[in-house]
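Read through the structure below, which is laid out as C-alpha cells, and then see the notes.
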C-alpha cells in the first residue's frame, strides 16, 4: 500500500474511534486544538490543556484523552462563560448532547450552568442548573436529551457559565471533554451489560442500560437450542433516562441444563433490536415433570436409575401434604397417583429433605 494512503487510513480509523457509538454524530469537539471556534469570557480561567486527560468512558461517547477544557476558579467573583460555535440541526430530530466531565476535589461551591440558545444568544434555555454537581475526581459522562426546540435550528449554541469564589486558583477546576451532539434515531437504549446466573429459585437475569430515550419495554426470550426462541416475560423500560438503569428478571421455570436468553428491546414507535445471546447452565435435575399433569396422575422422568423415589413429597401451594401412590413403569419412568383426584392449580413437588431439598412446580389442569 502507498505509505501516504496507509497513514491516511490510520488517521481516519483513529478519528472514527473518537466518535460516539450507536448514534449519528451531529457535532463533535475534543479541544485538541484549544478552544477552536468556541469563545470564552476569560481565557486565563477557561483553557484547553492536557492536565488530567480524559479516560474511562466509552459508551455512547468514547474518551479521546489528551486535551480537555478546564474551567478554573481563578479570576473570582466575576461570571465566566464559554460558548460553543454555531451548530446546525436542520433536519435533525431526537437530539442528545453529552460530554466527559471531571472536577478537582476542592472545586466549588459555585455551580456550572449549562444552557442552549436558538436565537444567537439573545435568550438561553437551561439544560442543567449545575453540571459540576455530578462530577467527581474520576472522569465520567453527562448526557442530556434535548427538547424539540433544539431541533431544526440553523444556529444552535451551547454555553457553560459559572462565578468562581474570590482568591481561588486556576488549578482548582471543573473539566469537560469530547463535547458531542448526537441524533439518536437508531436505538431506544444503550445496553451495557446482560448477565444470567442459576440459583435454587431459577435463572436470574440482570441487565443495565447506559441511557434510554423513547424506550417502551424489554421482552425476555428463551431457547433450548440457541436458534428457536419464545417469549417468557416482559418488563417496562424506564423510557427516558440519561443515567444508568438496572433491571432484573427471574425465570422460575428454567429449562433443564442450559437455557439461552436474549432481550428484545422495543421502542415506543415499535422499532426493535435484539441483545446478545447468553447461556445459563444449571445442574441437571434428578427428576423431570411432564407439565401439565392430569388430576389423577403426575408423570415423572428420573435422570438415572440412581434417583431415589423415597425423596419425593407433594404439597399444595399452601403447604398441605398430598398423599399419593408411586408407581414405576420403567427404570426411569414413574407415576404419582394422588389418593384423591387433584383440583386444578399449582402444586409443589419437594425432592429431598430440608435444608438441602429442591422444589419443582407441578401444574394440574
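Numbering (mature numbering (1 follows the signal peptide of the UniProt record, and there is no 0)), first residue to last: -23 to -1, 1 to 342. Built from N, CA and C at the ideal position, the CB exists for glycine as well. From a predicted model like this one, the values you see are computed outputs, not experimental measurements.
1) On the DSSP letters alone, give me the boundaries of the beta strand (DSSP E) that residue 199 sits inside.
2) Label residue 267 either buried or exposed according to how many other C-beta atoms from any shown protein chain fall within 10 Å of its C-beta, with 16 as the threshold for buried.
3) Who are the near neighbours of residue 21 in its chain, counting only those whose CB is closer than 8 Å to its CB and skipping five residues on each side?
4) For the segment 69 to 109, list the beta strand (DSSP E) runs that are entirely contained and at least 3 residues long, ordered along the chain.
5) Just to confirm my understanding: we take residue 347, look at its own chain, exclude 5 residues before and 5 after, and list those with CB closer than 8 Å. What are they?
6) So, with DSSP's three-state summary, where would you put residue 388?
7) Starting from residue 278, follow the beta strand (DSSP E) in both directions and report where the run begins and ends.
8) According to the neighbour-count rule (16 or more other Cβ atoms, all chains shown, within 10 Å of its Cβ), is residue 197 buried or exposed?
9) Of all the options 229, 299 and 280, which has the alpha carbon lying nearest to the alpha carbon of residue 308?
10) Kindly indicate which three-state DSSP category residue 35 falls into: helix, strand or coil?
11) Which full runs of the beta strand (DSSP E) of 3+ residues lie inside the segment 215 to 250, going along the chain?
12) Please name the residue, chosen from 38, 126 and 210, that lies closest to residue 5 on a Cα-to-Cα basis.
13) Between 104, 271 and 84, which lies nearest to residue 113 when the distance is taken from Cα to Cα?
14) Please list, in chain order, all residues of the same chain as residue 54 whose beta carbon is under 6 Å from its beta carbon, the five residues on each side excluded.
15) Is it the case that the Cβ atoms of residue 193 and residue 151 are separated by a distance below 7 Å?
16) Buried or exposed, going by whether 16 or more other CB atoms sit within 10 Å of the CB of residue 208?
17) Quick check: the segment 177 to 189 against the segment 215 to 229, are at least 3 beta-carbon pairs closer than 8 Å?
18) Could you give the uninterrupted runs of the beta strand (DSSP E) lying entirely in the segment 301 to 326, keeping only those of 3 residues or more?
19) Quick one: what's got a C-beta closer than 8 Å to residue 107's C-beta in the same chain, skipping five residues either side?
20) Would you identify the three-state DSSP class for residue 336, choosing helix, strand or coil?
In terms of the structure at hand:
1) 192 to 200
2) exposed
3) 49, 51, 52 and 147
4) 72 to 80, 90 to 94 and 102 to 105
5) Any property of residue 347 remains undetermined from this structure, which presents the chain solely from -23 to 342.
6) Nothing can be reported for residue 388: it is not among the residues displayed for the chain, which extend from -23 to 342.
7) 275 to 279
8) buried
9) 280
10) coil
11) 222 to 228 and 235 to 244
12) 38
13) 84
14) 143
15) no
16) exposed
17) yes
18) 301 to 305 and 310 to 315
19) 88, 89 and 90
20) strand
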